[in-house]
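One structure is given below, encoded as structure tokens.
2 protein chains.
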Amino acid sequence: MKFDTKYTSDRNQIKHVLENHNIRPTSQRIDIARVLLAKPQHLSAEEIFSQVNKKDDLVSKATVYNTLNLFVDEDLIKQVLIDSSYVFYDSNTEPHHHFYNEDTGLLQDIDDQEMLVRATPKLPKDTVLTGIDVVIRVKNQS
Amino acid sequence: MKFDTKYTSDRNQIKHVLENHNIRPTSQRIDIARVLLAKPQHLSAEEIFSQVNKKDDLVSKATVYNTLNLFVDEDLIKQVLIDSSYVFYDSNTEPHHHFYNEDTGLLQDIDDQEMLVRATPKLPKDTVLTGIDVVIRVKNQS
DNA sequence: CTGTGTGCAAAGCTTTTGCACTACT
DNA sequence: AGTAGTGCAAAAGCTTTGCACACAG
Numbered sequence: 001m002k003f004d005t006k007y008t009s010d011r012n013q014i015k016h017v018l019e020n021h022n023i024r025p026t027s028q029r030i031d032i033a034r035v036l037l038a039k040p041q042h043l044s045a046e047e048i049f050s051q052v053n054k055k056d057d058l059v060s061k062a063t064v065y066n067t068l069n070l071f072v073d074e075d076l077i078k079q080v081l082i083d084s085s086y087v088f089y090d091s092n093t094e095p096h097h098h099f100y101n102e103d104t105g106l107l108q109d110i111d112d113q114e115m116l117v118r119a120t121p122k123l124p125k126d127t128v129l130t131g132i133d134v135v136i137r138v139k140n141q142s
Numbered sequence: 001m002k003f004d005t006k007y008t009s010d011r012n013q014i015k016h017v018l019e020n021h022n023i024r025p026t027s028q029r030i031d032i033a034r035v036l037l038a039k040p041q042h043l044s045a046e047e048i049f050s051q052v053n054k055k056d057d058l059v060s061k062a063t064v065y066n067t068l069n070l071f072v073d074e075d076l077i078k079q080v081l082i083d084s085s086y087v088f089y090d091s092n093t094e095p096h097h098h099f100y101n102e103d104t105g106l107l108q109d110i111d112d113q114e115m116l117v118r119a120t121p122k123l124p125k126d127t128v129l130t131g132i133d134v135v136i137r138v139k140n141q142s
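Chains as they are written, first to last, in this note's numbering: chain A, 1 to 142; chain B, 1 to 142.
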């Protein structure tokens, strides 16, 4: 698979990425996207908030949350649910799954080629598939 | 597989179930377990809180949360993470996976025999498996 | 009587809402 | 000038903490 060109720190490229996802590129949104799109990564809302406001207080927490929800709705990023009230935002929107280390809190992608899910259950009546989330939980060898 | 005998509404049986899981059977804990163990089901903390306090206010919200965490730690129930800040507590602790209907919010078990997961990725170095969570998201046919 | 365990009010989080403001048309 | 979109303070909601009380040894 070709490397997705959306990863960048260039404000102008980010502006185009946002526009491609039907998101008006305001300065707050560019600041937030700039943190997320620096590379494929998993960040919590809190981490994004503090990275965005590293220099000065530029963007409020409410805006960070609302913007992340917007990005998720527009398929720019994905939510990954790991732990009761701990949500990660994943800049990689390709279908993929995760390792979660319960000791360290580290979240790690599972290489697509290594993961084979034969999920063949009949869906409930009159429903269509929207996604499959797999989290493999591990802990450190004691 | 034999039907798990832990499902019951009998206070005395519940007392024994709690003791088998190293949980002191106080009246609050029996009230909470009684709601969960009535049958295999998925309930949110809020639903459990209101069912427990249906008649009078018997158990505080803090105690409901702390008790649910205790039950999870002692493997009496399982947490299922579905949606940003929506945690279900599942009285079925057998390994199994879930359908989640995004339109209705309904959470449904996937029959073990219908679900075949060939998860063969190499675990991260020096870690051991603790669990695999699969959530298949569906929506109503439009 | 002492030490461990328990329940819950209050505190501390995380997330959403409602509204003043902005900026396109 | 009107209307849709935006950002954020304040509100709401969820979960944990810390401590007074209860209970077992």
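The C-beta atom is built at its ideal place from N, Cα and C for all residues, glycine as well. Bear in mind that the values here come from a model prediction, so they are computed numbers and not experimental data.
- Message: For the beta strand (DSSP E) containing Lys6/A, name the first residue and the last one.
- Response: Position 6 of the first sequence, counted from the start, is the residue given in the question as residue 6/A. Counting along the chain, Lys6/A falls outside any beta strand (DSSP E), and DSSP gives it neither H nor E.
- Please look up how many angstroms separate the CB atoms of Val43/B and Val52/B, rounded, as I've assumed it's under 8 Å. Locating residue 43/B in the second sequence gives position 43, counting from the first residue. Locating residue 52/B in the second sequence gives position 52, counting from the first residue. Position check: residue 43/B holds Leu in this sequence, whereas Val was assumed. Wrong, their Cβ atoms sit about 10 Å apart, outside the cutoff.
- Query: If you draw a straight line from the C-alpha of Ile132/B to the C-alpha of His97/A, how long is it?
  - Reply: Translated into the one-based positions of the second sequence, residue 132/B becomes position 132. Translated into the one-based positions of the first sequence, residue 97/A becomes position 97. Ile132/B and His97/A: Cα-Cα distance of roughly 11 Å.
- Task: Report yes or no: do the region 17-37 of chain B and the region 100-114 of chain B share at least 3 C-beta pairs separated by less than 8 Å?
- Result: The region 17-37 of chain B is not in contact with the region 100-114 of chain B.
- For Asp109/B, three-class secondary structure by DSSP: As a first step, residue 109/B must be located in the second sequence, where it is residue number 109. The answer is strand: DSSP assigns Asp109/B an E or B state.
- Going by DSSP, what residues sit across from Phe88/A in a beta bridge? Here residue 88/A refers to the residue found at position 88 of the first sequence. DSSP output for Phe88/A lists Ser44/A and Val80/A as bridge partner(s).
- Message: Taking the alpha carbon of Thr63/A as the reference point, which residue from Ile32/A, Thr8/A and Ile23/A has its own alpha carbon closest?
- Response: One-based indexing of the first sequence puts residue 63/A at position 63. Out of Ile32/A, Thr8/A and Ile23/A, Ile32/A has the C-alpha closest to the C-alpha of Thr63/A.
- Query: In terms of alpha-carbon separation, which member of Arg29/B, Thr8/B and Asn92/B lies closest to Asn66/B?
  - Reply: Within the second sequence, the letter at position 66 stands for residue 66/B. With distances taken between Cα atoms, Asn66/B lies closest to Arg29/B.
- Got a sec: is the Cβ-Cβ distance from Gly131/A to anything in chain B below 7 Å? Your numbering for residue 131/A matches position 131 in the first sequence. So yes, Gly131/A belongs to the interface.
- Query: Taking a cut of 7 Å between CB atoms, which residues from the region 92-103 of chain A lie near chain B?
  - Reply: Phe99, Asn101 and Glu102
- Message: Let me check understanding here. Comparing Cα to Cα, which of Phe99/A, Val87/A and Asp56/A lies closest to Leu68/A?
- Response: The residue given as residue 68/A occupies position 68 in the first sequence. Per the Cα distances, Val87/A.
- Item | Helix, strand or coil at Leu18/A [DSSP, three-state] | Numbered from 1 along the first sequence, position 18 holds the residue referred to as residue 18/A. If DSSP states are grouped into helix, strand and coil, Leu18/A belongs with the helices.
- Query: Is any beta-carbon of chain B found at less than 7 Å from that of Asn140/A?
  - Reply: Counting from one through the first sequence, the residue named residue 140/A turns up at place 140. True, the Cβ-Cβ gap to chain B drops below 7 Å.
- Note down, in chain order, every chain B residue with its Cβ under 7 Å from the Cβ of Thr127/A. Indexing the first sequence from 1 puts residue 127/A at position 127. Those are Asn101, Val138, Lys139, Asn140 and Gln141, listed as they occur along chain B.
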